[in-house]
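Written out below as structure tokens is the structure these notes cover.
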Amino acid sequence: MEKNEFAEWSRRAADWGVDYRAGLNEQPVRARTTPGDIARQIAAAPPLSGESMEMIFADFENIVMPGMTHWQHPRFFAYFPANAAPVSVIAEYLVSAIAAQCMLWQTSPAATELETKVLDWLRQAIGLPEGFCGVIQDSASSATLAAVLTMRERALSWNGNKAGLAANPAVRVYASTQVHTSIDRAIWVSGIGEQNLVRIPSSGPLKSMDVAALEAAILADKSAGLLPAGVIACTGGTSIGACDNIAEVARVARAHGLYVHVDAAWAGSAMICEEFRPLWAGVEQADSVVFNPHKWLGAQFDCSAHFIRNPTDLVKTLAIQPEYLKTHGRDGIVNYSEWSVPLGRRFRALKLWFLLRYHGLEGLRAVIRNHVRWSQGLAERLRKEPGFEIVTEPVLSLFSFRHTGSADRDGHNIALVNAINEDGRIYLTQTRVDGAIAIRFQAGSFEMTEADIGIAFEAITEIARRLSKPD
Ligand SMILES: *Cc1c(COP(=O)(O)O)cnc(C)c1O
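Count along the sequence shown from 1, add 6, and you get the number used in the numbering used here.
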């Protein structure tokens, strides 16, 4: 592509992005397509000769965009947010133009050194003590995989990578019933095997892991000749925001020499506000912690912050140095590809640096505090509304509710969530709580205002009334 054309289309793409964001309020949140609608419009084979940017861009607008769900929409209340604050988008434009592979210090010293610095900014921001070192992973799933591999290697005296698992007693990992499926996958991929992921029951308002049951399970495994390796605790579980008692989990884990990893993928962003930190009290005793600035904090996906108390154990587990990756003659440098499973790494620190500087911690705290307050306000309004019940109380900005207008409770609430999403004003998802369907609500979009909560209340109550009407 010629320089002039590159310049023109870069400008058009940036302008398009600005208009797109500005117009989101008018769009239905979830894509209104049926399966195959988009695929049907895409050519079956690649073109032999090049096409014009005009044509390509027109197809992007006409074919692709109608099939997009708008994650930056102010009334995206489904799943968890994936906020990309405009300032982080700008940083990503630059990163995509530079397109460096930041696997080693020498393949882009600035990327490595900025990563070290901004992750230390983040460490301070969320109140983790000095001594924790940070690295940016592509996802919480990758961070958790790295943690599981580290706990496995530690338990196997650093011999698992070499000898495989067959020669060793079964490695055992413990987690509550509330943890994310990325934990199951890490257990599969690490070769530990699902039957060695011990599910500890959870209870109470925060569905916390039963610590006495954890200790009993560890003791039973030890006496059966198995190899307890680590515990994965959660702060802000995906379904309903479950929070383990990290201090108690760490106490038990420590007593038995086990590694503790904390998955706070969503809730970790809120820890920039001191008043929310009791939810993960004891976190300073963990061996590693992951949270996703790409969820609630506003850093364009992908950006997962992984903090490690003792990176030597992680590097011992994952580093591999063929001659072509060695950097001779430089001591004390960090090669972050030794801290993660993939070798290649994007330059992810720039968007965090831009984000933290542009908004400042107080700016980001104000956003998160509003979300929590507004979401809790909606829970109070729904609690008072006839026919509604709050199923799980708000944890930060996440709660679940259901409408009680029918004998077929699950069927009715699934129909309600579907009708709400077809309506388009807001977007919600469902979960199961103690076996029964509940509708999740989380507030987290950077573009949201309090008025959007009012629209959510109206959409939810109006559609529920309509569905309950006998026809
Ligand atoms: C979103 C989420 C994950 C997965 O995050 P990825 O970055 O997509 O891998 C893991 N755990 C919890 C609690 C989550 O909310």
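All residues carry an ideal CB built from backbone N, CA and C; glycine is no exception.
Nearest-angstrom Cα separation, counted from residue j out to residue i
{"i": "Gln47", "j": "Leu370", "result": "41 Å"}
{"i": "Asp144", "j": "Phe307", "result": "8 Å"}
{"i": "Gly383", "j": "Leu402", "result": "12 Å"}
{"i": "Ile443", "j": "Gly393", "result": "15 Å"}
{"i": "Val204", "j": "Ile420", "result": "31 Å"}
{"i": "Phe407", "j": "Ala28", "result": "31 Å"}
{"i": "Tyr26", "j": "Glu428", "result": "21 Å"}
{"i": "Ser229", "j": "Gly197", "result": "22 Å"}
{"i": "Asn6", "j": "Pro400", "result": "Residue 6 is absent from the structure shown; the chain starts at 7 and stops at 477."}
{"i": "Gln78", "j": "Ser114", "result": "31 Å"}
{"i": "Lys213", "j": "Gln184", "result": "7 Å"}
{"i": "Lys9", "j": "Glu60", "result": "16 Å"}
{"i": "Asn174", "j": "Gly263", "result": "18 Å"}
{"i": "Met109", "j": "Pro348", "result": "9 Å"}
{"i": "Val321", "j": "Trp380", "result": "43 Å"}
{"i": "Ala222", "j": "Ser182", "result": "14 Å"}
{"i": "Thr437", "j": "Gly411", "result": "18 Å"}
{"i": "Ala413", "j": "Glu395", "result": "15 Å"}
{"i": "Ile445", "j": "His418", "result": "11 Å"}
{"i": "Pro52", "j": "Gly430", "result": "34 Å"}
{"i": "Leu128", "j": "Val266", "result": "20 Å"}
{"i": "Gly23", "j": "Val70", "result": "14 Å"}
{"i": "Ile459", "j": "Arg363", "result": "29 Å"}
{"i": "Arg472", "j": "Ala19", "result": "42 Å"}
{"i": "Met215", "j": "Ile206", "result": "6 Å"}
Whether residue i touches residue j by CB criterion (8 Å)
{"i": "Val296", "j": "Thr150", "result": "yes"}
{"i": "Pro87", "j": "Leu30", "result": "no"}
{"i": "Arg351", "j": "Ser343", "result": "yes"}
{"i": "Ala97", "j": "Phe405", "result": "no"}
{"i": "Tyr180", "j": "Thr435", "result": "no"}
{"i": "Thr244", "j": "Trp272", "result": "yes"}
{"i": "Phe439", "j": "Ile246", "result": "Per the sequence presented here, residue 439 reads as Val, with Phe not at that position. Contact: yes."}
{"i": "Arg158", "j": "Gly170", "result": "no"}
{"i": "Glu121", "j": "Ile142", "result": "yes"}
{"i": "Ile374", "j": "Cys279", "result": "yes"}
{"i": "Ala253", "j": "Ala287", "result": "yes"}
{"i": "Phe138", "j": "Ile339", "result": "no"}
{"i": "Leu232", "j": "Ala176", "result": "yes"}
{"i": "Phe83", "j": "Ala449", "result": "yes"}
{"i": "Ala152", "j": "His312", "result": "yes"}
{"i": "Arg283", "j": "Asp227", "result": "no"}
Closest by C-alpha distance to residue i, when choosing among the options
{"i": "Ala261", "options": "Ala276, Cys279, Ala270, Pro234", "result": "Pro234"}
{"i": "Ser346", "options": "Arg36, Asp126, Leu155", "result": "Leu155"}
{"i": "Asp21", "options": "Ser58, Pro92, Val177", "result": "Pro92"}
{"i": "Gln201", "options": "Asn419, Gly210, Arg191", "result": "Arg191"}
{"i": "Lys357", "options": "Leu125, Thr75, Glu60, Ser412", "result": "Leu125"}
{"i": "Ala161", "options": "Ala105, Gly236, Asp429", "result": "Gly236"}
{"i": "Thr241", "options": "Val101, His186, Arg389", "result": "His186"}
{"i": "Phe463", "options": "Ala45, Phe63, Val255, Lys390", "result": "Lys390"}
{"i": "Pro211", "options": "Ile238, Val397, Leu225, Ala103", "result": "Val397"}
{"i": "Gln130", "options": "Ala259, Pro41, Met277, Met74", "result": "Met277"}
{"i": "Cys249", "options": "Leu264, Phe313, Asp269", "result": "Asp269"}
{"i": "Ile326", "options": "Ile224, Ser209, Asn341", "result": "Asn341"}
{"i": "Phe63", "options": "Met74, Ser94, Leu320, Trp15", "result": "Trp15"}
{"i": "Ser474", "options": "Leu422, Ile426, Phe452", "result": "Leu422"}
{"i": "Tyr433", "options": "Ala465, Ile44, Gly133", "result": "Ala465"}
{"i": "Glu136", "options": "Ala425, Gln291, Leu225", "result": "Gln291"}
{"i": "Arg415", "options": "Gly441, Ile426, Ile224", "result": "Gly441"}
{"i": "Phe452", "options": "Ala372, Leu388, Gly140", "result": "Ala372"}
{"i": "Arg38", "options": "Ala425, Phe282, Arg178", "result": "Ala425"}
{"i": "Ser208", "options": "Val95, Asn251, Thr75, Leu285", "result": "Asn251"}
With 16 other Cβ atoms within 10 Å as the buried cut-off, status of residue i
{"i": "Asp293", "result": "buried"}
{"i": "Ser275", "result": "buried"}
{"i": "Ala447", "result": "Note on identity: in this sequence residue 447 is Phe, with Ala being the wrong assignment. Label assigned to Phe447: buried."}
{"i": "Ser58", "result": "exposed"}
{"i": "Met454", "result": "buried"}
{"i": "Glu386", "result": "exposed"}
{"i": "Pro299", "result": "buried"}
{"i": "Val289", "result": "buried"}
{"i": "Ile189", "result": "buried"}
{"i": "Ala470", "result": "buried"}
{"i": "Ser148", "result": "buried"}
{"i": "Lys168", "result": "exposed"}
{"i": "Ala256", "result": "buried"}
{"i": "Ala259", "result": "buried"}
{"i": "Phe66", "result": "exposed"}
Exercise. Enumerated in chain order, which unbroken segments of the alpha helix (DSSP H) with a length of 4 residues or greater are wholly contained in the segment 428-457?
Worked result: If we require 4 residues or more, the segment 428-457 turns out to have no alpha helix (DSSP H) run fully inside it.
Problem set entry | Every unbroken alpha helix (DSSP H) within the segment 31-117, with a cutoff of 4 residues, ordered by chain | 59-65, 92-104, all fully within the segment 31-117.
Exercise. Can you list the alpha helix (DSSP H) stretches of 4 or more residues lying completely in the segment 246-279, in chain order?
Worked result: Here the runs fully enclosed are 252-261.
Exercise. In chain order, which continuous runs of the alpha helix (DSSP H) of length 4 or greater are located wholly inside the segment 173-236?
Worked result: Scanning the segment 173-236 for uninterrupted alpha helix (DSSP H) segments of 4 residues or longer gives 187-195, 217-229, listed from N- to C-terminal end.
For this session: For the segment 284-357, list the beta strand (DSSP E) runs that are entirely contained and at least 3 residues long, ordered along the chain.
Result: Listed in chain order, they are 294-297, 310-314.
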